[in-house]
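Residue numbers (this note's numbering), protein chains in the order written: chain Z, 1 to 366; chain W, 1001 to 1366.
Where a beta carbon is used, it is the ideal one built from N, C-alpha and C, also for glycine.
To start, the structure under review is shown below, and the notes come after it.
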DNA sequence: AACATTATGGCAATCGTTTGAAAGGTGATG
DNA sequence: CATCACCTTTCAAACGATTGCCATAATGTT
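Listed below in structure tokens is the structure:
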């Protein structure tokens, strides 16, 4: 859909110069920020003493601490983070590397991550790969410098080599994967039970009489896709249904062509009687294609989608979903990362957390 | 819906310790990052020369530049950003302050912002206020330190005082508002035509025979809400419909109670024949309440919502939306901010950009 | 040949904060 | 009175990169 906005608004951009209505409030015009040096001079103390006072060191007497604190508050002193990052070799910053935030999964995950980070007094840098491996490499490469203390990452759909990640780990920065992981990298992974939930979803369809179940996905290399596919295949096998490779369909990762691909699938001679969509963004084209082909859901065809869309409830018919614990996964990923950052010799190598997804059975697959 | 996940997964959290399957790849274990100093020693040059070579200064000969570049590449040198930020008093970082990312508007906006920032070689720090004024203040206060070069902000719904923002501006950091602005702060604002689009939406309902149009919103203090409300009122007035204050309903900003509030509204003696939802998250409770009360949309009641949900197309019935140019607004906000960062004495005071929203008329309001 | 100019690279200070070591002061103890 | 312990504060060297100015050599100009 995005391309619609882009073209529409490229033409419609309107610039308006509004009248200045109110006067500008002066309020403490201190372009030159107050530094520790200024505090020191003002108080006839050394910078060292001021610094120690601010960090509540035992070396400084209670009275001077109070004087320092008072002036700092008065002058609204905010320490320069880069000076202290440089000296302490700690940035109090983490990076979150994502393919995109269009998806409601990642939106919720960011909320989870940010809430933990804010608690811990950490800052969050966000980077989007736009599903490009080259960008992911470039972004990760920057992290060797010390800009961040640790990294949370959900890899791009193009990623099938993990050297850029192992290099960052080797440079001493903890990395935690969430959702989209690299199996061959030994570090913490926060995932959901993709195989099992896909198995459950498929089994549910089979129990409701489906035999021609199609599986639609968007990336061959993502391990989560493969696990979901595995669950799908296993469910079919366990119910003695032969796997039809032509019902396993690869879509674009850029929305545009998916409607056509799905439509084509639905016009096959062995038309599927159920669809499992492995990612959220396939939901809309599926519903549209079914509507346009006058295939009633769930009558002619049943649908299950992996999605966190709240609106699943109010679709027509209500969508059966596999809902990932997005917020929790983000929160857990951040929590595990902070454990590694706070304990000295904490190893992430064998830490994997699996948070189960939930199959919400609704009308679309009943 | 979120609370459901929270309680479910709190109990279901499962920890699994996976077997280590593959050996760890060594690949350049250089815990101590290569610095300019190391390059200098290796090449028998001074740090100054190396620095200048890397920045392609005319003071350095072509040959030495090449030698330096070669070694830097070989040792995978990445400059320490904090050292150079400290020295240059530039962080190459911007902050994005948002109420939340649950909303699809903000997700798209982040995409827009990030794409521009990545182009310009800037880094993006993200902060969520969770609609709390106190957090917004605390976050903004930190920016006086030089952590970021500029700020993009969409204020919290609690914000009705803007001192924290003018203070940051006074400290020399450019600020650009987008979507949710503070009218009384003189700086760039990227907004959409809230009044006009609300006017259009309301007029559309009136033209389709509605007379009892309810307006549902979530915050009294947000200027965008007030502009939308104004458009609504103006449309009613222009069509000689008296404004009924009890049809202007304030909802929670935390999803939970909204279903009940809407249900109550729909059970009034003077039941509205149309609803305008001023924010995306009200869509689900509206549809659910209508369904549960057996009020057919658009037969008994018509619905229009301000939303960027792609799924609006496949709701039952398809939802009429006022769609904001989210991606474009994010992009524009970032673009304007970078103009201020790159030109020396560029004033943002009178810069306001209005990008129009689009009324997508669909079944729910026909 | 004397002087001016250009090309190249080094010196040292700087950004603001932190921190180990040293210095100054007090009081107590042998 | 000397010694020790302790409390408080200052000194100075980092952290890594940048940059104005200076030094040297090489080249050009008269």
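Buried or exposed by the 16-neighbour rule on C-beta atoms within 10 Å, applied to residue 1364 (chain W): Answer is buried; the Cβ neighbour count reaches 16.
Positions along the region 256-283 of chain Z whose CB lies within less than 8 angstroms of some CB in chain W: Interface annotation for the region 256-283 of chain Z against chain W: 281 and 283, criterion Cβ-Cβ distance under 8 angstroms.
Residue-level contact to chain W via CB, residue 298 (chain Z), 9 angstroms cutoff: So, not an interface residue.
Residues of the region 1131-1155 of chain W whose Cβ lies closer than 9 angstroms to any Cβ of chain Z, in chain order: 1135, 1139, 1141, 1142, 1143, 1144, 1145, 1146 and 1147
Endpoints, alpha helix (DSSP H) assigned at residue 1102 (chain W): Element bounds for residue 1102 (chain W): n/a, residue is neither H nor E.
Close-in-space but distant-in-sequence residues of the same chain around residue 183 (chain Z) (CB under 8 angstroms, 5 per side omitted): 223
Nearest neighbour of residue 128 (chain Z), chosen from W:1139, W:1109, W:1167 and W:1299 [CA to CA]: Comparing Cα-Cα distances from residue 128 (chain Z) to each of W:1139, W:1109, W:1167 and W:1299, the minimum goes to W:1109.
Spatially closest choice to residue 1079 (chain W) from Z:142, Z:64, Z:339 and Z:246, by CA coordinates: When only C-alpha atoms are compared, the closest one is Z:142.
Separation of residue 1154 (chain W) from residue 1139 (chain W), as counted between CA atoms: 13 angstroms
The region 1252-1266 of chain W touching the region 1281-1299 of chain W, judged by at least three CB pairs closer than 8 angstroms: The region 1252-1266 of chain W, when compared against the region 1281-1299 of chain W, does touch it at the 8 angstroms Cβ threshold.
Residue 1024 (chain W) (DSSP reduced to helix, strand or coil): Here residue 1024 (chain W) scores only 30 on pLDDT, less than 50, and its place in the model should not be relied on; the value that follows carries that caveat. Here residue 1024 (chain W) sits in coil by DSSP.
Closest residue to residue 114 (chain Z) among W:1120, W:1130 and W:1106 (Cα-Cα distance): W:1130
Distance, residue 1280 (chain W) Cα to residue 104 (chain Z) Cα: 13 angstroms
Distance between beta carbons of residue 168 (chain Z) and residue 144 (chain Z), contact taken as under 8 angstroms: 6 angstroms
Below-9 angstroms beta-carbon distance, residue 1362 (chain W) vs any chain Z residue: Output row for residue 1362 (chain W): interface = no.
Which of helix, strand or coil DSSP assigns to residue 360 (chain Z): Taken through DSSP and simplified to helix, strand or coil, residue 360 (chain Z) comes out as strand.
Start-to-end residues for the alpha helix (DSSP H) that takes in residue 330 (chain Z): 326-342
For residue 1296 (chain W), the three-state DSSP class (helix, strand or coil): coil
4 or more residues per run - each alpha helix (DSSP H) lying fully within the region 213-261 of chain Z: 223-238
Amino acids of chain W, ordered along the chain, whose beta-carbon sits closer than 7 angstroms to that of residue 123 (chain Z): Chain W residues near residue 123 (chain Z): 1125.
First and last residue of the uninterrupted beta strand (DSSP E) at residue 48 (chain Z): First-last for residue 48 (chain Z): 47-54, but that is the alpha helix (DSSP H), not the beta strand (DSSP E).
Cβ-Cβ distance between residue 159 (chain Z) and residue 133 (chain Z) below 9 angstroms: yes
Secondary structure of residue 349 (chain Z), DSSP reduced to three states: If DSSP states are grouped into helix, strand and coil, residue 349 (chain Z) belongs with coil.
Sub-9 angstroms separation of residue 93 (chain Z) and residue 124 (chain Z) beta-carbons: yes
Residue from W:1265, W:1175, W:1101 and W:1118 whose Cα sits closest to the Cα of residue 1346 (chain W): W:1175
Residue 1366 (chain W) classed as buried or exposed, judged by whether at least 16 other C-beta atoms fall within 10 angstroms: Burial call: exposed.
Cα-Cα separation, residue 350 (chain Z) to residue 136 (chain Z): 24 angstroms
First and last residue of the uninterrupted beta strand (DSSP E) at residue 321 (chain Z): 320-323
Contact the region 1065-1077 of chain W vs the region 1237-1249 of chain W: 3+ CB pairs below 8 angstroms: no
Min CB distance residue 366 (chain Z) to chain W below 9 angstroms: no
As assigned by DSSP and simplified to three states, the class of residue 116 (chain Z): helix
Inter-residue spacing [alpha-carbon to alpha-carbon] between residue 41 (chain Z) and residue 307 (chain Z): When rounded, the distance between both Cα atoms is 59 angstroms.
Which of helix, strand or coil DSSP assigns to residue 284 (chain Z): helix
Contact under 9 angstroms by Cβ, residue 320 (chain Z) with residue 362 (chain Z): yes
Sub-9 angstroms separation of residue 1200 (chain W) and residue 1337 (chain W) beta-carbons: Not a contact, by the Cβ cut-off of 9 angstroms.
Beta carbon proximity, residue 1110 (chain W) to chain Z, threshold 9 angstroms: yes
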